[in-house]
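Numbering (this note's numbering), first residue to last: 93 to 268. Note sheet for the following structure.
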């Protein structure tokens with residue numbers, strides 16, 4: 093007898109179809125607690141973080157050149173080193189998060205002895221942007237939220253020097 097397998101996606105979608113007597117109704121706005129606008133779903137969270145990254149890049153004068161991008165679970169955090177040697181153009185590090193529970197994560201950017209911490213609001217419509225000059229590597233770290241559910245999305249690009257707005261080195265925080 094041959095085994096019959098059902099793709100996991102179909103199993104997940106079958107729970108959303110509704111209509112049958114055994115299916116659970118979807119929560120309505122009146123079923124949710126005060127202040128909660130929507131139920132948190134991982135697929136929706138990934139779409140929202142991608143939109144936030146795209147929105148952050150819309151104001152750049154020229155097309156930013158992609159260097160690297162990835163996602164991480166809030167429970168795993170982020171701990172990534174970047175060479176940032178480049179061809180001379182500055183870098184822009186963009187980061188966003190979408191979580192069920194945590195409203196803000198702490199991003200720490202470091203290079204050698206220099207270190208700067210920033211609060212990253214989760215669920216923002218536009219990713220936070222940080223300017224990094226070329227020539228020296230840097231590290232981006234977000235400590236894990238052990239009981240957290242959610243996703244962190246980031247992207248590193250090179251940008252035209254004329255597109256750097258505000259601080260030219262967000263690791264130094266323009267204090268030196």
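Cβ coordinates follow ideal geometry from the N, Cα and C atoms, glycine included.
With contacts defined by Cβ atoms closer than 8 Å, residue 196 and residue 148 do not form a contacting pair.
The Cβ neighbour count for residue 249, taken over all protein chains shown within 10 Å, is at least 16; the residue is labelled buried. Residue 156 and residue 190 have their C-alpha atoms spaced approximately 24 Å apart.
Contact check for residue 172 and residue 238: beta-carbon distance about 19 Å, past the 8 Å limit, so the pair fails to qualify. One Cα belongs to residue 198, the other to residue 218, and the distance between them is close to 17 Å. In the DSSP assignment, residue 221 falls within the beta strand (DSSP E) that extends over 220-224.
By the neighbour-count definition (other C-beta atoms within 10 Å, threshold 16), residue 161 is an exposed residue. With at least 16 other beta carbons inside 10 angstroms of its own, residue 184 counts as buried.
Scanning its chain for C-beta atoms nearer than 7 Å, with the 5 sequence neighbours on each side dropped, one finds around residue 175 the residues 229, in chain order. Assignment of residue 160 by DSSP, reduced to helix, strand and coil, places it in the strand class. Within the same chain, Cβ atoms closer than 8 Å to the Cβ of residue 206 are found at 263 and 264, the five residues on either side in sequence being excluded. Every beta strand (DSSP E) stretch that sits fully inside the stretch 165-189 and reaches 3 residues is listed by chain position as 170-174.
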